[in-house]
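Everything on this sheet refers to the single structure shown next.
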Amino acid sequence: MKQLYLVIFFMVCSFGFSQNQAKGDIDGFKLYPNPVTNGKIFISTSQNAPKKILVFDVLGTKVLETTILGKELNLSNLDKGVYILRVMEKDKMATRKLVIK
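Dropping the structure here:
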């Protein structure tokens, strides 16, 4: 039971800190294809600025951290499953569910 409370505490803390870092959703954010079948996704935004990418598994463990300059992100080294994708561009952030088949 203590472990459950600890997990909930960390989730609330991380959610609170992440809200302070970003001022809103990224304008023109598009993520395709989702679900991923060929190991690559494309992320486009209105500004097309460099993007910091974080990928978490369903337990909240960070499995990938990278920065992309274009639109293409290679995910072929990740196992099939459900992930959380967090994209940060300048002072804005978008979080989406990502499915890899």
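Note that the sequence shown covers residues -22 to -1, 1 to 79 in mature numbering (1 follows the signal peptide of the UniProt record, and there is no 0). No residue lacks a Cβ here, since even glycine has one placed at the ideal position from N, Cα and C. Note that this is a predicted model, so its numbers are computed, not measured.
Item	Value
With a CB to CB cut of under 6 Å and the five nearest residues on each side skipped, what residues in its chain are close to Lys29?	Ile46, Val65 and Glu67
How is Ile31 classed by DSSP in three states: helix, strand or coil?	strand
Can you tell which of Glu43, Thr15, Asn16 and Asp5 has its C-alpha closest to the C-alpha of Leu63?	Glu43
I'd like the span of the beta strand (DSSP E) that includes Val36, first residue to last.	Unbroken run through Val36: none, as it is neither H nor E.
Roughly how many whole angstroms lie between the Cα atoms of Ile25 and Asp57?	Here the sequence assigns Gln to residue 25, which means Ile is not the residue at that position. Spanning the two alpha carbons is a distance of roughly 31 Å.
With DSSP run on the structure shown, which of helix, strand or coil describes Lys75?	strand
Is Lys70 helix, strand or coil when you go by DSSP?	strand
Taking only three categories from DSSP, how would you classify Thr15?	coil
Report buried or exposed for Tyr10, applying the criterion of at least 16 other Cβ atoms within 10 angstroms of its Cβ.	exposed
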